[in-house]
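>
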Amino acid sequence: RLFVRCRLLAALGCAALMGGCLAWSASMLVGFCPYAAGGLLDDERFRSVFAMVYVGFFSVLFFVSLFAIASILVIRRYGRVRV
4 RLFVRCRLLA ALGCAALMGG CLAWSASMLV GFCPYAAGGL LDDERFRSVF
54 AMVYVGFFSV LFFVSLFAIA SILVIRRYGR VRV
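With my numbering, letter number 62 in the sequence shown gets 65, and the count goes up by one each step, no holes.
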């Protein structure tokens with residue numbers, strides 16, 4: 004039982020670390036994109052669309068990971084549900 008909790012905490016830590024690395028790399032990309040893209044992010048419309056896509060992608064990723072963690076917890080608690 005303790006091993007399962009430790010494994011779940013390790014998985015949560017890895018997911019948080021991966022999310023942090025993704026967010027950091029995306030922010031670095033946004034920071035260096037004006038130099039690489041020749042001032043494409045200076046356009047306000049492109050910047051707003053890029054921000055919407057970025058926020059939408061990471062919110063979907065966040066909710067999918069929450070759903071996966073909740074389903075793992077339910078399966079661990081109640082066992083597999085047979086339909």
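C-beta atoms are modelled at their ideal positions from N, C-alpha and C, and glycine is treated no differently.
The structure presented is a predicted model; accordingly, all values stated were derived computationally and were not measured.
Does the distance from the CB of residue 18 to the CB of residue 68 come in under 7 Å?
As a first step, residue 18 must be located in the sequence shown, where it is residue number 15. As a first step, residue 68 must be located in the sequence shown, where it is residue number 65. Yes, the Cβ-Cβ distance between residue 18 and residue 68 is below 7 Å.
> From residue 57 to residue 66, what distance separates their C-alpha atoms?
The count along the sequence shown starts at 1 and reaches residue 57 at position 54. The count along the sequence shown starts at 1 and reaches residue 66 at position 63. So the alpha carbons of these two residues sit roughly 14 Å apart.
> Judging by CA-CA distance, which residue of 80, 74, 29 is the nearest neighbour of residue 60?
Locating residue 60 in the sequence shown gives position 57, counting from the first residue. Looking at the Cα atoms, 29 is the closest of the given residues.
> Skipping 5 residues on each side, what residues in its chain have a beta carbon closer than 8 Å to that of residue 10?
Start at 1 with the first residue of the sequence shown, and residue 10 comes out as number 7. None.
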